[in-house]
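For the protein sequence lines, the chains are A and B, in the order given. The first sequence begins at 61 in the numbering used here and counts up one residue at a time. The second sequence begins at 134 in the numbering used here and counts up one residue at a time. For glycine and all other residues, C-beta sits at the position ideal for the given N, C-alpha and C.
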Amino acid sequence: MNSSVIRLLLQRFSLRHARLAPRASCLLVGILALGVAVFVAIRLANRAAVSSFTHFTDTLTGQSDLIVQAPSGTLPESVLWELRAALGARPVHIVPVIEATAARAQAPGEAAGFGRTTYTLLGVDLLALANLASQSPLPHGYFDQPQDTGGRGVRGDQAGAGDFWRAYTAGPQVWVSPAFAPTRPESLDLVIDERVRTLRIAGVIPTAKDAPRVPATLLVLDLPHLQQLTGKTGRVDRVEFLVEPGPRAPERRSELQTLLEQLGRDRWIVTTPGERRESAETMTRAFRLNLTILSLIALLVGLYLIFQALDGAVVRRRTEIAILRSLGVEARAIQLAWLAEAAVLGLCGGALGVGLGWLGAQGAVRAVGQTVNALYYATTLEAAGLAPGEFGLGLALGLGASLLAGWWPARLAARTPPAQVLPRGAPPAAGGRWQQSFALGAGAVVLGIVLAQLPPLRLGGGGRFPLAGYAAAFFWIFGGGLMCGWLLPLLAKLARALGAAWTPVRIALSHLRRPSGRHRLSVAALHCAVGMAAGMAILVASFELTVRGWIVRSLQADLYIASAGAQSASTDNFISAVAADRIAAHPAVAAAARFTAYPLSLDGIPTLFTGTDLALMHARSDLPWVTPPRDLALWDVTRNAGLALVSEAFTERFGKKRGDILRVPTPAGVQTLTIAGIFADYGNERGSIMVDRVHLRAWMGDDRVTNVSLWLKPGVDADGVRSELLGEFPGLAIFTNVKLRAEVLRIFRQTFAITYALEVIAVLVAVVGLALTLTSVLLDRREELTTLRALGFTRRELAGAAALEGGVVAAAAVAGGLVLSVALGWLLIYVINKQSFGWTLGFAVPWGQLAALAGAVVATGVVVSYFVGRWGADLPADREE
Amino acid sequence: MTMTMKIILKEIGVRRVRRSCCEMIELGAGARARSQFVSFLRSVVAAVGLMGSIWAQIPLMTTDGFAVPQAGKIFSFPRDHGSHPEFKIEWWYVTGHVFTAGAGSRRFGFQATFFRQAAPDHTTQLQLAHMAIIDVSTGKFLHQERLNRAGWDAMAKTETLDVRQGNWSLRLSDPAAPAGAERFELQGGVQAEAALTLTLVPAKPLVVFGENGVSRKGAAPTAASHYLTFPRLRAEGRLTLGTQQLAVRGEAWMDHEISSSQLDANQVGWDWAGVQFHDGRELMLYQLRTREGGVDPASSLTWVAADGTTSQKKFTWEVLDTWKSLATGAVYPARVALATTDPMTGAAVRYTFEPLASDQELKGRLGGIAYWEGACRVRDATGRDVGSAYMEFTGYAAELKL
């Protein structure tokens, strides 16, 4: 074998083929491209969502070396004196930081809801910032910025000094990103906690040329101002340390770390900005992995289709190959030529896919970002850019898929005997025996069942990934695909019993009684797509049913009040105790339950520490229990100091159960808590610990609340009370019961939007694949078709036969797919979802949706097949491909 | 930030101006003066000044509400080593020369300055600090500036001397030490390049400049300060350069001045020198340069005798060489000749000041205002090394407009 032979083969054989059947080749490239595109889009969107997590302080100070942060809540400012004293002569910059979020104030008349711009407010000592070496190339500082109006140059120094002091002693003011707006307004209305604050825009955040870009939503304030605005006077959120560069810097850094750790004990946690970024990544890792897996479905379906398209081509061109063989072309050269053809398809598909994927990512990044925002932390969405590595990955994926799918057909081609011995009219080989093996399918299904029992893979930072669960899904899809080919003869018999009087029916069914490999493959591909889509529908329906039930049980108050500054999972806006008391004292209020939540780092894993009025909650609305408490002391504030409830997600994340002991670090020391019960919470997957608010308030030294639920006196109009309260506190977001339930469901559905999109693409690919299959089948049968035409069958009759054939294939796939979907639904709910997020869901089958999906797939199959049949009826017997 | 620095640096200028006035008054009030006539004239000037101040009713407050130094102030220590936030401006200023022990002794100069300034609206205090270390053997000059609001990372205690700025501090070893038993601890450094830890023990008693505890600055009734100086302290401690640790000892000079007045904007800069002679005496001089290019008549030279008594002499100041800073473009005096009278012998003496390194310029990174403050060797007319000095040249950098 030499390369010239292969080149000749490619030119005279493969290329000619592509020229003669351009549509089929284009379709294949398109399918591959779609598969690759979905994967690339999700990958880009994932990366954009993660990379947009910013350690905001870096943009001001350069990279900090170490960060000290309380495990929960804030640190008292007194630690700064202590830290400076403890550091002695060590040349280290200590930078206390307050970080808060605030939303733009809602315009008058704007409905309460989520999704307004959220700003990150960073409070650092803006005077001390100038002491950092990283600040030296700045043209000016914060307090002596060139004003838009005025002639500094003509003013004397005294006037200049006056400017400094005016700027320095001015009230709360913000500095904005250069990217904030093309023209800066005079001031900005922000909702911080329950108040709307009008903050003067003092200028632009001064940055060095090579500093990281300042995000458009970053607002910088002088530390004391932000402390005052957020009610954290005398407290800091974290303390960052910058070791002065110079001799022995790495040793000094690690010395400092040891010192800080020894000094901190239970009071604080010492981390680095890298670790913070990493923890943000691990927080979303399970979510991103799940999306990545889902994004591979379309490619998996595509794999079936490419396999069968290439296989069909091999079968149809058997004669041709046999002639080549008899001319002395080696089997290996033929195999290589086929593989080369597959590779070209793969590369084209891959390249096109990367482009499509980039386009898709622009939309997907929004959806992924919304979910990350709703569930995890604030992201500043960045455009999903394409890295060279990702282009390569897309190409490799396309190439890999096409070579994998082309391997068997190429081998089949190579095994074609020379023309002299090729039995004319012999039944096409049509795939391998393995794919007809019912036993193999059953084996795969059993293997899947075993895999479904395995525990998840533990990721760092409390994340879990259900690897075995996904493997089980793969084996079920594969095994189910093999097995549901056996549905074809059964369905054929059934159809024959129903309508065998009409000849086209008999013709169609005759093909299905002994289904070709091509039919089986088509069934398998469609079965895979339908199964996944329906399985996901079952998951979402179950989820929605459960969440609805949960909402009904846990949202029973008449009004829900939070700061309008709270716009996502990560925002930490509070309502001051004074405002909460005023709200509770409203004459229409029968009872008011206050709820407070703080992020908590427990053994290095982020979770939430929450407090509520347990007695009131017990009396007014029961929690949705997973494991109800047995100890009645829980409801008595005088006896429940050592008791805690935890959410189900918490138990999964930390491996705890009722009766276990938790050691929770608080500003008032470590609290030892016994888990008294476990409740369901679908609001956050980090899990939460709930204690009586009285104790939490004492431990955290903070009397602010996150939200207030109000039960109104009978006969009071909730909307009226809402308007009254809004009039008094324009910075509050107040939801009526109905509105909040709707809003929760809306956010819930929004998080599944991208999942739906991925499923729809997979089904589309599979339906296109069905058309491709029938085309291929009819091409195989063109002699028969010509004969039938000669016998007087009309085009309509032949098209009808094809439609029936396609319809039965689709029906078989749908039947198998529905069975698969129930299995996958079970797997997703009880294994994958439970392992990833720690949520137990009820099982609900959305019959209507499934029926619609089944009907749509079968109908589309029939229609597509009908038109393919019409086209096939006109095929010339000797049409060369 | 720039403006803050300018304000404070102007006050550094005030420091020298005040010195000129207080020295004159002190002399006129009956210190040892050789010339009877001059002494008589000065007594008249002082008496008129004193009466004038009584008639003018020196206010208790400046117009912006800060305290004005009042005559008859009785200092009590350690309290008055500490901060006086009722006054607008205050600083603690340490310069010195230290050596390593043994053969091949290495020589270093250092400057450690802590400033405090109140905001015009009295709401807050700003703390500024400068550190500089010169390695004479290599000529390598390290310096750093810091600016902070008063608080956890920068502060000045009121009850005793304890001023801090990040990891820099100057404080009494024993916070309750009575007058005459002071020891000071200075902890300073420059980034991570150098660290300096010194114990300073006064070798001579505190000098309180001025008349009746107040040194007057000019015609304005509020223009006055309380001005306390230890002209010679024994310094001993450790200097870390990079990874190298050195035991050092030597001598230091420490000023503490408290005031609320603003600088008259007629000077463009000043030259100042503080000399510690090997014979146990000190000399301090300053020359104020006017906008017109002349020398302000307030310029003055003061001897401090071995027993701490002071006397003023006329002097001439001649720049022999200049040095141009590559960093700021400013041209500073380098070698300077001083001609004056020795109060002990009454003889004319001539000294030459030789900077131990050319580049001892504080580049003004934070404030954008550069000045030269450096360690010098002092030689007499025969070329003999007779003392060490610190010299200060301000207003030479192009951007300084005072």
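- A straight line joining the alpha-carbon of Asp-763 of chain A with that of Arg-757 of chain A spans about 6 Å.
- DSSP places Met-194 of chain B in no alpha helix (DSSP H); its state is neither H nor E.
- Put simply, the CB of Gly-263 of chain A is far from chain B, with every gap to its CB atoms at 7 Å or more.
- Closest in C-alpha terms to Ala-411 of chain A, from the list A:Ala-456, A:Thr-177 and A:Leu-387, comes A:Ala-456.
- CA-CA distance, Ala-601 of chain A to Leu-901 of chain A, rounds to 10 Å.
- Taking Ala-480 of chain B as reference, the option from B:Trp-456, B:Lys-446 and B:Ala-460 with the minimal CA-CA separation is B:Lys-446.
- Checking the DSSP bridge columns, you'll see Asp-404 of chain B partnered with B:Gln-420 and B:Phe-526.
- In this chain, the beta strand (DSSP E) harbouring Asn-281 of chain B covers 273-282.
- Taking C-beta atoms as the reference points, Tyr-179 of chain A and Phe-203 of chain A fail to come closer than 7 Å.
- Residue ranges of uninterrupted alpha helix (DSSP H) with 4 or more members are absent from the segment 379-411 of chain A; none lies entirely inside it.
- As the crow flies, the alpha-carbon of Cys-86 of chain A is around 16 Å from that of Gly-466 of chain A.
- Annotation: Gln-616 of chain A is outside any beta strand (DSSP E) and is labelled neither H nor E by DSSP.
- For Pro-310 of chain A, the enclosing alpha helix (DSSP H) has its first and last residue at 309-324.
- With a threshold of 7 Å between beta carbons, Gly-609 of chain A makes no contact with chain B.
- In this structure the segment 741-755 of chain A does not lie against the segment 635-648 of chain A, because fewer than three pairs of beta carbons, one per stretch, are closer than 8 Å.
- In this structure, the alpha-carbon of Ala-617 of chain A lies about 29 Å from that of Leu-599 of chain A.
- Contact with chain B is absent for Thr-134 of chain A, since none of that chain's Cβ atoms lies less than 7 Å from the residue's Cβ.
- Contact annotation for Glu-304 of chain A against chain B: Gln-324 and Ala-325 [CB-CB distance below 7 Å, chain order].
- The segment 246-279 of chain A contains, as complete beta strand (DSSP E) runs of 3+ residues, the segments 247-252 and 255-264 (chain order).
- Nearest CB-CB separation between Pro-253 of chain B and chain A: below the 7 Å threshold.
- A Cβ-Cβ distance of about 19 Å is found for the pair Arg-806 of chain A and Leu-619 of chain A, leaving them out of contact under the 8 Å criterion.
- By the rule that beta-carbons nearer than 7 Å mark a contact, Ala-188 of chain A touches chain B.
- In this model, Glu-390 of chain A and Ala-369 of chain A are separated by some 24 Å (Cα to Cα).
- In the three-state reduction of the DSSP assignment, Gln-233 of chain A falls in the strand class.
- Within chain B, the C-beta atoms nearer than 8 Å to that of Ala-149 of chain A come from Asn-300, Gln-320, Gly-322, Ala-328 and Thr-330, in chain order.
- Under the three-state reduction of DSSP output, Tyr-742 of chain A falls in the coil class, being neither helix nor strand.
- Counting only residues of its own chain and dropping the five nearest sequence neighbours on each side, Trp-562 of chain A has no CB closer than 7 Å to any other CB.
- In this chain, Ile-892 of chain A is not harboured by any beta strand (DSSP E), its DSSP state being neither H nor E.
- About 6 Å separates the CB atoms of Pro-333 of chain A and Asp-118 of chain A; that is less than 8 Å, so the two are in contact.
- Residue environment: Asp-213 of chain B is assigned as buried (16 or more neighbouring CB atoms within 10 Å of its CB, all protein chains considered).
- The segment 381-389 of chain B and the segment 361-372 of chain B touch, with no fewer than 3 CB-CB distances between them shorter than 8 Å.
- Judged by DSSP secondary structure, Ile-567 of chain A falls within the alpha helix (DSSP H) whose first and last residues are 563-573.
- For Pro-232 of chain A, no CB of chain B lies under 7 Å from its own CB, so it is not counted at the interface with that chain.
- Residues of chain B whose Cβ lies closer than 8 Å to the Cβ of Ala-309 of chain A are, in chain order, Ala-325.
- Listed as beta-bridge partners of Ala-262 of chain B by DSSP are B:Phe-247 and B:Arg-279.
- The C-alpha of Leu-824 of chain A lies about 10 Å from the C-alpha of Ile-91 of chain A.
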